[in-house]
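So the sequence lines, in the order shown, correspond to chains A and B.
Its first residue numbered 0, the first sequence is counted upward by one per residue in numbering that gives the first Met the number 0.
Its first residue numbered 0, the second sequence is counted upward by one per residue in numbering that gives the first Met the number 0.
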Amino acid sequence: MPRMLYAEAVVEVLRRSVEGDDRVHLMGQYFLGLTPHRTMVGDLYRQYPDRVYFPPIAELGYVGAGIGAAIAGLRPIVDCATASFTFQAFAQILNEAANIHYMSGGQTSVPMVIHYNHGVRGGGAAQHSHSPQAMMWNTPGLEIVTPSNPADLIGLVLTAVASDNPTIWVDHVRLFDIEGEVPENIEPIPFGRASIPREGTDLTIFASSWMVRRSLEASELLASEGISVEVVDPRTLVPLDEEAILRSVAKTGRLLVVDECHLRCGVGAEIAATVAEHAYGDLLAPIRRLATLDVPVPFSPPLEQYVEPTTAKILAAARSVTGVQSGA
Amino acid sequence: MVVTAPAQSGPEDLEMMWRIRAFEEKASELFARGKISGLLHLAIGQEATAVGVCGALQPTDRVFSGHRPHGHAIAKGAETGRLFAELAGRRTGYCGGKGGSMHLAAPEVGFVTATGIVAGNLPLALGAALSSKCRGESDVAVAFFGDGAAQTGLFHECLNLASLWQLPVVLVCENNGFAEFSPLSAHTVVERLADHADTYGIPTETIDGNDLTVVRPAAAAAIDRARNGGGPSFLECLTHRLRGHYEGDPTLKRGAAARDEAKDPIQRFTRFLHDAARSAELEGIEVRVRAEVEQAAEEALAAPWPERDDLLTNVVAQP
Numbered sequence: 000m001p002r003m004l005y006a007e008a009v010v011e012v013l014r015r016s017v018e019g020d021d022r023v024h025l026m027g028q029y030f031l032g033l034t035p036h037r038t039m040v041g042d043l044y045r046q047y048p049d050r051v052y053f054p055p056i057a058e059l060g061y062v063g064a065g066i067g068a069a070i071a072g073l074r075p076i077v078d079c080a081t082a083s084f085t086f087q088a089f090a091q092i093l094n095e096a097a098n099i100h101y102m103s104g105g106q107t108s109v110p111m112v113i114h115y116n117h118g119v120r121g122g123g124a125a126q127h128s129h130s131p132q133a134m135m136w137n138t139p140g141l142e143i144v145t146p147s148n149p150a151d152l153i154g155l156v157l158t159a160v161a162s163d164n165p166t167i168w169v170d171h172v173r174l175f176d177i178e179g180e181v182p183e184n185i186e187p188i189p190f191g192r193a194s195i196p197r198e199g200t201d202l203t204i205f206a207s208s209w210m211v212r213r214s215l216e217a218s219e220l221l222a223s224e225g226i227s228v229e230v231v232d233p234r235t236l237v238p239l240d241e242e243a244i245l246r247s248v249a250k251t252g253r254l255l256v257v258d259e260c261h262l263r264c265g266v267g268a269e270i271a272a273t274v275a276e277h278a279y280g281d282l283l284a285p286i287r288r289l290a291t292l293d294v295p296v297p298f299s300p301p302l303e304q305y306v307e308p309t310t311a312k313i314l315a316a317a318r319s320v321t322g323v324q325s326g327a
Numbered sequence: 000m001v002v003t004a005p006a007q008s009g010p011e012d013l014e015m016m017w018r019i020r021a022f023e024e025k026a027s028e029l030f031a032r033g034k035i036s037g038l039l040h041l042a043i044g045q046e047a048t049a050v051g052v053c054g055a056l057q058p059t060d061r062v063f064s065g066h067r068p069h070g071h072a073i074a075k076g077a078e079t080g081r082l083f084a085e086l087a088g089r090r091t092g093y094c095g096g097k098g099g100s101m102h103l104a105a106p107e108v109g110f111v112t113a114t115g116i117v118a119g120n121l122p123l124a125l126g127a128a129l130s131s132k133c134r135g136e137s138d139v140a141v142a143f144f145g146d147g148a149a150q151t152g153l154f155h156e157c158l159n160l161a162s163l164w165q166l167p168v169v170l171v172c173e174n175n176g177f178a179e180f181s182p183l184s185a186h187t188v189v190e191r192l193a194d195h196a197d198t199y200g201i202p203t204e205t206i207d208g209n210d211l212t213v214v215r216p217a218a219a220a221a222i223d224r225a226r227n228g229g230g231p232s233f234l235e236c237l238t239h240r241l242r243g244h245y246e247g248d249p250t251l252k253r254g255a256a257a258r259d260e261a262k263d264p265i266q267r268f269t270r271f272l273h274d275a276a277r278s279a280e281l282e283g284i285e286v287r288v289r290a291e292v293e294q295a296a297e298e299a300l301a302a303p304w305p306e307r308d309d310l311l312t313n314v315v316a317q318p
């Protein structure tokens with residue numbers, strides 16, 4: 000099976016989307032962030048100059064224009080670059096895109112994709128490191144996809160582009176260098192179906208996006224300590240595959256949620272609450288949440304290490320939940 | 000062949016203005032009687048902008064309105080009965096009772112949506128225009144907004160984008176001189192809002208928005224420009240709201256009655272038609288339209304409420 004960098008998969012799925020449907024237009028130029036991969040998407044831009052727009056740095060206006068274009072017949076994929084910049088466009092994403100289908104009683108749809116790169120990326124500090132997934136999730140009407148590997152990325156974004164709803168495509172610049180197998184004839188992946196990238200019996204780790212990679216890395220190390228971890232990657236937060244999470248917790252009896260949103264009211268809080276409500280009887284230990292601490296993300300590298308859920312923190316939390324006193 | 004927008008106006012336009020007036024007055028009455036809840040913003044006195052612009056559009060042209068949208072929807076061809084039903088939260092309303100007054104949508108007649116967010120409809124109209132342009136369609140997009148919108152950042156982002164991308168959009172500013180309760184001068188030192196459009200190189204005009212015979216040809220010219228690839232236009236329509244900001248507003252009666260009368264677009268256009276020796280064609284219009292609107296309201300209030308099961312539908316579109 001061919002292997003591909005995540006960054007290459009971003010370009011591949013944009014290409015497939017543009018080639019597959021002439022209603023698909025691209026707006027924005029930072030799908031690959033300000034990384035060394037940034038220009039990889041350039042060939043596609045040159046090939047389809049009439050279907051690519053480089054708007055001025057005015058997220059509220061151009062995301063809104065994307066919404067209007069979607070209402071009127073296009074299927075725009077609109078890039079907000081860094082997740083923190085989506086705040087500039089929140090008024091249009093949350094109050095127009097998310098509401099229009101409902102407010103119109105189903106008469107009007109907004110078939111668009113909004114892309115951003117979230118999370119702590121190294122030196123982004125407070126204004127370039129946000130993970131607004133939970134804020135988005137608190138807004139009915141949006142779909143949210145959080146791929147963690149190249150194959151899932153392609154399959155999920157193909158579904159997002161075909162969806163009649165505004166769909167948030169969440170990327171992380173630290174994923175861009177991940178390599179993974181991508182089947183030749185990859186199919187769209189239906190929303191609401193979690194994947195289990197690692198099976199285990201002692202502990203369930205719920206993680207999305209970049210945190211899946213860290214959780215898998217930690218799980219490997221924990222295996223050598225005799226702790227068998229199962230990793231649940233929801234792939235889409237909205238819709239959420241609740242069944243898969245509850246099934247896994249029923250099997251392991253323990254849950255650690257690893258998430259890059261801030262702790263309070265974050266994605267982790269929602270998952271913990273869901274399991275507490277529906278699977279209390281299955282739990283052998285209290286649920287643990289590991290998230291970005293409730294302070295603005297600092298700039299200094301050592302401070303940044305303290306604020307985010309690192310592999311070391313995952314190891315410690317996993318040992319604590321499973322009752323293992325000390326690490327190997 | 001590209002259609003040319005009509006620059007003339009006639010008795011059918013007077014009828015449409017009366018339809019809006021009758022609708023708004025009936026809505027006011029129903030609100031006062033507790034039959035309509037929520038926030039209700041009426042456009043009594045602003046009928047000439049809605050009719051002047053929408054009457055020059057094609058059915059597939061797309062209109063995006065704001066929080067004072069009833070007149071625009073009616074002028075674009077929406078049925079008063081389904082609009083009343085929506086205002087009254089009934090299942091038979093255009094949006095099944097989920098939108099209400101500020102979030103009306105009747106896309107089947109090209110009234111795409113209203114929004115309760117000041118200036119929130121501007122980028123939507125731009126996007127619709129972008130879609131038309133990209134897909135080689137001739138449809139024009141129109142955004143109606145008040146003078147309050149011109150003080151938002153989004154307004155300026157949108158003027159810049161419309162100009163930069165030369166979008167087939169007509170931006171209609173209904174300048175009634177009041178942003179909610181404040182006179183324009185309390186919010187900006189810019190006296191002519193059309194000057195903003197000048198800054199961005201958008202053709203613009205400031206016109207008497209209460210004179211249908213002025214609004215219609217100005218709108219037609221702007222619509223033709225958009226449809227023929229000439230890009231965006233900005234129309235500043237000076238108008239005069241005859242009611243308060245919202246129904247129940249304690250400052251409901253604003254200004255002297257005599258001044259209101261002089262500015263009333265319906266009275267003015269009626270006089271114009273009389274002067275044009277078309278009095279015979281005007282007979283019975285008001286009575287007929289009021290009866291029609293009365294009937295529509297009665298039917299709407301007799302319609303069923305939405306059911307509990309309706310609550311959870313339309314959150315997301317199903318494949």
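Beta carbons: idealized from backbone N, C-alpha and C, even for Gly.
Flagged as an interface residue toward chain B: residue 90 of chain A, by a C-beta distance shorter than 8 angstroms.
For residue 82 of chain B, the enclosing alpha helix (DSSP H) begins and ends at 79-86. Any Cβ of chain A closer than 8 angstroms to the Cβ of residue 75 of chain B would place that residue at the interface, and such an atom is absent.
For the segment 51-88 of chain A, the full-length alpha helix (DSSP H) segments reaching 4 residues or more read 58-71 along the chain. A distance below 8 angstroms between beta-carbons, with the five flanking residues on each side excluded, links residue 289 of chain A to the following residues of its chain, in chain order: 255, 256, 257, 258, 267, 308, 312, 313, 316.
For residue 70 of chain B, the uninterrupted alpha helix (DSSP H) segment begins and ends at 69-74. For a Cβ distance threshold of 8 angstroms, residue set 95, 312, 313, 316 of chain B lies close to residue 105 of chain A, ordered along the chain. Our two residues, residue 313 of chain B and residue 141 of chain A, have alpha carbons roughly 12 angstroms apart in a direct line. Contiguous alpha helix (DSSP H) elements confined to the segment 179-266 of chain A occur at 209-223, 241-251, taking only those with 4 or more residues. Residue contact check for residue 184 of chain A against chain B: no CB pair falls below 8 angstroms. Counting along the chain, no beta strand (DSSP E) covers residue 17 of chain B; the unbroken alpha helix (DSSP H) around it starts and ends at 10-31.
For residue 39 of chain A, no beta strand (DSSP E) run applies, since DSSP gives it neither H nor E. The C-beta distance from residue 251 of chain A to residue 229 of chain A rounds to 6 angstroms, short enough to meet the 8 angstroms contact threshold.
Contact check between the segment 7-20 of chain A and the segment 91-110 of chain A: fewer than three CB pairs, one atom from each, fall below 8 angstroms, which does not count as touching. Boundaries of the alpha helix (DSSP H) around residue 280 of chain B: 278-281. Ranking B:72, B:133, B:211 by CA distance to the CA of residue 110 of chain B puts B:72 first. The beta carbon of residue 98 of chain A sits closer than 8 angstroms to those of 140, all from its chain and outside the five residues before and after it, given in chain order.
The segment 169-253 of chain B is shown to contain whole alpha helix (DSSP H) runs of 4 or more residues at 193-198, 211-226, in chain order. In this structure, the CA atom of residue 149 of chain B is about 8 angstroms from the CA atom of residue 118 of chain B. Look at residue 63 of chain B here: in three-state DSSP terms it is strand. A contact between stretches requires three or more CB pairs, one per stretch, nearer than 8 angstroms, and the segment 15-33 of chain A meets this requirement with the segment 66-81 of chain A. Annotation for residue 238 of chain A: 190, 191 place their beta carbon closer than 6 angstroms to its own, counting only its chain and skipping 5 residues before and after. Taking C-beta separations shorter than 8 angstroms and ignoring five residues to either side along the sequence, the partners of residue 119 of chain A in its chain run 128, 259, 291, 296, 303, 306, 307, following chain order. Taking 8 angstroms as the CB threshold, residue 125 of chain B lines the interface with chain A. For residue 226 of chain B against residue 10 of chain B, the beta-carbon gap comes to about 26 angstroms, at or over 8 angstroms, which does not count as contact.
In the displayed model, residue 321 of chain A falls within a helix according to three-state DSSP. For residue 198 of chain B, there are no neighbours in chain A by C-beta distance under 7 angstroms, as the nearest C-beta there is about 15 angstroms away. A contact is defined here as three or more CB-CB pairs under 8 angstroms, and the segment 47-61 of chain B fails this definition with respect to the segment 87-104 of chain B. Residue B:113 holds the alpha-carbon nearest to the alpha-carbon of residue 141 of chain B among B:113, B:213, B:16. Relative to the Cα of residue 169 of chain B, the nearest Cα in the group B:28, B:134, B:127, B:181 belongs to B:127. In chain order, 316 make up the part of chain B whose C-beta sits under 8 angstroms from the C-beta of residue 108 of chain A. Residue 241 of chain A and residue 156 of chain B have their C-alpha atoms spaced approximately 41 angstroms apart. Listed in chain order, the alpha helix (DSSP H) elements of length 4 or more contained wholly in the segment 94-130 of chain A are 97-102.
Taken through DSSP and simplified to helix, strand or coil, residue 101 of chain B comes out as helix.
By the Cβ test, the segment 192-206 of chain A is not in contact with the segment 160-173 of chain A, since fewer than three Cβ pairs between them sit closer than 8 angstroms. If you check each beta-carbon in the segment 24-53 of chain A against every beta-carbon of chain B, the ones closer than 7 angstroms belong to 24.
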